[in-house]
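Here the structure comes first, spelled out in structure tokens, and everything after it is commentary.
Protein chains: 2
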Amino acid sequence: MKEDLKVLKDLLKEYAKAESVQALVQWDQETYMPEKAGEFRSEQLAWLSALAHEIHTGKRFKNALEKLVDLNTGHILNDESDEETTRLLHLVWKDYHYASVLPASFVEEFSRLTSQSQQVWAKARVNNDFKAFQPYLEKIVDMCRKQADYYGYTTTPYDALMEQYEPGMTTETVTALFSELKEGLIKLLDNIKNSGDKPDDHLLKKSFDTAHQWAFGLEVVQKLGYDMSRGRQDRSAHPFTTGFHPTDVRITTRVFENDMKSAFFSTVHEAGHAMYEQGLPPEHFGTPFGQAASYGIHESQSRLWENMIGRSLSFWKHFYPRLKELFPVLQNTLVDDFYRMINTVEPSLIRVEADEVTYSLHIMLRFEIEKMLINDGLNVSDLPEIWNEKMKEYLGVVPPDDKMGVMQDVHWSMGAVGYFPSYALGNLYAAQFLNQAVKDHPDFWDIIRAGEFTILLNWLRKNVHTLGRRKDPLDLVKSVTGEKLSPQPFLKYLNEKYKVIYKLL
Amino acid sequence: MKEDLKVLKDLLKEYAKAESVQALVQWDQETYMPEKAGEFRSEQLAWLSALAHEIHTGKRFKNALEKLVDLNTGHILNDESDEETTRLLHLVWKDYHYASVLPASFVEEFSRLTSQSQQVWAKARVNNDFKAFQPYLEKIVDMCRKQADYYGYTTTPYDALMEQYEPGMTTETVTALFSELKEGLIKLLDNIKNSGDKPDDHLLKKSFDTAHQWAFGLEVVQKLGYDMSRGRQDRSAHPFTTGFHPTDVRITTRVFENDMKSAFFSTVHEAGHAMYEQGLPPEHFGTPFGQAASYGIHESQSRLWENMIGRSLSFWKHFYPRLKELFPVLQNTLVDDFYRMINTVEPSLIRVEADEVTYSLHIMLRFEIEKMLINDGLNVSDLPEIWNEKMKEYLGVVPPDDKMGVMQDVHWSMGAVGYFPSYALGNLYAAQFLNQAVKDHPDFWDIIRAGEFTILLNWLRKNVHTLGRRKDPLDLVKSVTGEKLSPQPFLKYLNEKYKVIYKLL
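Below you can see the structure in the form of structure tokens.
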């Protein structure tokens, strides 16, 4: 058994190496690739992707895995295997199952469809022409339903889709969490709307030297704990994080002269993701214990650092003097006023531009629509109308057109249905993690105010990062915080914070 | 046969894709890789290298090739194949033969040895301790001799080693060429040493803004024809060119504030390499017809652009006004004086810093030593003494220590024996190509002076670049210029140029 396990682990590492090379080639595509190299780059990536898939699902892997696990049921063959090995083999089998259960013809068709759809979507969005995108989205929804059937599920097909992003999470659980969250958020948002003392952030739209913005962002994330000897930051059209190995985790951003919040908070956000990847245990590289627990847990890291730390008053008590030094335009602004400026709340149309309070509302309406599409047979042609109704219900604003509405996100055109909930769940995980860290260190905020961020990084390393996928998200939250996952800690955090910012009663 | 050929070409393309990914990963290693990612990077590269080797020499490739060529003799099996296909199959077989004839155990041992040796060499060089490097070099020389036996040869084992870099070139041919070249160079060098009117280039060691240096270099190479929509320039410790495909060919350099010549001429040199790679026919990507003819032909391109164009008076008649604009320190210097400054000749100890006249002398002494090591059983322990004797004989200078002498180059520690001649042969090819281009366009230098460099680029595209490996270097020179390869055109070029610069009689 020990020998068989080693063979399997070596194959997992080989697969991870192939994926790491693919990720590097993609990173180059988004950062430095010359303009006309795109066509050949697609060929390189298609080759690498087929190669990685072959390592993961080919004969060698199958032979190695079936010595340890019943491929059909996932049952571990050796009854004496310890708890850790059982968990490991369960995850390896699950990944293999998802990667190999779809027929090759289905994978190929889905890949062709989504590749076309992304182009059609991009064009349809520019032209504000949902009708052009509709037939593609119809096919995608249809194939996603079939995908769910291939994967298998106990209750609803949407569960099978979400499982890829948030293992162990069910439609039922998310529905309950979001319904409680919705109520609390809408109440808070109403209070904020009715505030008689709103912060004015026009100052942050003045000119901020872009080189200084870049340097300041990097200075800050290094203080937070992003290790630049194992990472770097480059420019790209859309910010992202990519990790090849815990010793090489890179972030990107873009800088706008007249929007100082944009680059800075994206840098902190991506650094949050990156510190997670840097904290994964290198000795488990390639195996599930060396991988992130879920998309939502990943998002909890970025949102914790960006919003709960990076937009906190304690954080700025430490960094504001340096910021003022770099940007004299802030000379006459007090830190308390600056703190209010970077925490303005405003119901808006576009998810990626949303603030901390309204962000989850954008997610919830997507979740409801996805559920209806996958579980209840909603027609794609009805999407624009339903989208606008729900925007009105959740946020009180109605998109003037589909470009600003139902067509704003790339996810569906990529076939990524079931992904959205992870974004909002990240907020809930983050609030509970932070609560526990503060419980463990009662002087937490004083230490943050003093610029000592290792207190949080070490806490996350110990309780989240080094665990890899040992626990599914719900179990992880329970075991780390002693509490079940709930929206209440996040709502409490928001209510306390925004009471001060919007001077609510 | 047509079907079999297609299968073979598809495998060649797959191999080229694997190599292109490897080259990109190496490029990243030299440019942007975080400091601590080195260990994992070695693992990625070892995996890619083994993978590429497997594609090139594995069962699939063997099966495809043996349908078309007798694997033992290289004889083409189909007598009706046209001349082009015959040439193509010959080259494919030759590459396969070299890649597969070495036993796996030998390849592994050689790879381990040279990897160790490079580290030992680097340390020994710093410590000026040839004795520490000697046992490694002895083993390398020993294995290179064995390598030659595996490859096979008609006359001397050194031929077999050179064949990898300069196909069709023999020890006998190079010996004859170099002996004639040596005589001419030493005579010219003597005249230069005795000149009563030497240029003074101290001005070029003043401060030159590094950002301007960078921008000017890029401005120039784009005018020469380096297509930045299919390339880019980045910083690295040592300048190099790397091509993944004709649509993605990248150069690197480094910039010194107090040595304006260094970055500029390295940029033009690398752009010369890069324009060759950009000019290879993309429709033959992966096959020998889409590859560079030899290391020496590659070097002919870089040296032609760097020295014969980039250090010509006509070139600077066009670019000098712009240079003065960027660097006011040159305000009171006439273009003719600047031209003399960038063409100073001085026998020196280090090959990579040598000027156009003395450079080939550095190569020749290496060639003589390699010949003795491989063909005549010279002892490695005698190298330092022989090196110093030959430096005295060729250049009239003697290194103060082995660090500045026999240990200066990385090549031997990498097992690259037989490579050096290509550098000097590049000068000879370049001079003959340039002669022919001028014959074909009698107003050549007027057009260069007017800043129209497409005249040369188009000539090279047509006569060299688009041919790939259709002809071996000696045949290529003969067919393009109608003349056999000879040192005389290069010597004539140097004599005419330096007569003016050193005001010789």
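Sequence lines, in order, name chains A and B.
Okay, so the first sequence: first residue is 1 according to my numbering, each after it adds one.
Okay, so the second sequence: first residue is 1 according to my numbering, each after it adds one.
Even for Gly, the Cβ is constructed at its ideal location relative to N, Cα and C.
Here I251 of chain A carries a strand assignment [DSSP, helix/strand/coil]. Here the alpha carbon of D355 of chain B sits roughly 6 Å from the alpha carbon of V345 of chain B. At least 8 Å separates the CB of V7 of chain B from every CB of chain A.
Taking CB atoms only, A37 of chain A has a neighbour in chain B less than 8 Å away. Distances from the CA of K9 of chain A to each of A:Y32, A:F61 and A:L51 were compared; the closest alpha carbon is that of A:F61.
For E277 of chain B, no CB of chain A lies under 8 Å from its own CB, so it is not counted at the interface with that chain. Chain-order list of chain A residues neighbouring R230 of chain B: P34, K36 and A37, by C-beta distance under 7 Å.
Under DSSP, I76 of chain A forms a beta bridge with A:V69.
The beta carbon of S49 of chain A sits closer than 8 Å to those of Q22, all from its chain and outside the five residues before and after it, given in chain order. Non-local beta-carbon contacts of N375 of chain A in its own chain, meaning distances under 8 Å to residues more than five positions away in sequence, involve T156, P157, Y158 and T171 in chain order.
At a cut-off of 3 residues, the continuous stretches assigned as beta strand (DSSP E) that sit fully inside the segment 200-266 of chain B are 231-235, 241-245 and 248-253.
With a threshold of 16 other beta carbon atoms within 10 Å, H75 of chain A falls short and is exposed. The beta carbon of S100 of chain B is closer than 7 Å to those of T57 in its chain, skipping five residues each way along the sequence. Looking only at A:V25, A:L378 and A:H202, the smallest Cα-Cα distance to I342 of chain A is reached by A:H202.
The segment 377-385 of chain A and the segment 438-457 of chain A do not touch, with fewer than 3 CB-CB distances between them shorter than 8 Å. Counting the other Cβ atoms within 10 Å of the Cβ of T73 of chain B gives fewer than 16, which makes it exposed. In the structure shown, the three-state DSSP call for S42 of chain A is helix.
A Cβ-Cβ distance of about 16 Å is found for the pair Y423 of chain A and V477 of chain A, leaving them out of contact under the 8 Å criterion. Only exposed fits T454 of chain B, as fewer than 16 other CB atoms lie within 10 angstroms of its CB.
Among the residues of chain A, those whose CB is under 7 Å from the CB of K17 of chain B are E43, Q44 and W47, following chain order.
Rounded to whole angstroms, L188 of chain B and P487 of chain B show a C-alpha spacing of 14 Å.
Closer than 8 Å to the CB of E54 of chain A there is not a single CB belonging to chain B. Against chain A, the beta carbon of E14 of chain B has neighbours under 8 Å at W47, listed in chain order. Put simply, the segment 80-100 of chain A touches the segment 276-292 of chain A. At least three CB pairs are less than 8 Å apart. The criterion of a C-beta distance shorter than 8 Å is not satisfied by I55 of chain B and L24 of chain B. In this structure S302 of chain A is buried. Its beta-carbon is surrounded by 16 or more other beta-carbon atoms within 10 angstroms.
At a C-beta separation below 9 Å, F216 of chain B has no neighbours in chain A, since its nearest C-beta there lies roughly 21 Å away.
D446 of chain B carries a helical assignment under DSSP once its states are collapsed to helix, strand and coil. Annotation: Q213 of chain A to R235 of chain A spans about 13 Å, alpha carbon to alpha carbon. When DSSP assignments are scanned along the segment 87-140 of chain B, the uninterrupted stretches of alpha helix (DSSP H) that are 4 or more residues long and fall wholly within it turn out to be 104-126. Any Cβ of chain A closer than 8 Å to the Cβ of L24 of chain B would place that residue at the interface, and such an atom is present.
A contact is defined here as three or more CB-CB pairs under 8 Å, and the segment 386-394 of chain B fails this definition with respect to the segment 246-262 of chain B. V329 of chain B places its beta carbon 8 Å or farther from that of K146 of chain B. For T175 of chain A, the closest alpha carbon among the candidates A:G418, A:R461, A:S266 and A:W459 is that of A:G418. DSSP, reduced to helix, strand and coil, places I369 of chain B within a helical segment of the structure shown. Chain order gives the chain B residues near D248 of chain A as M33, P34, K36, A37, F40 and R41, where near means a beta carbon separation below 9 Å.
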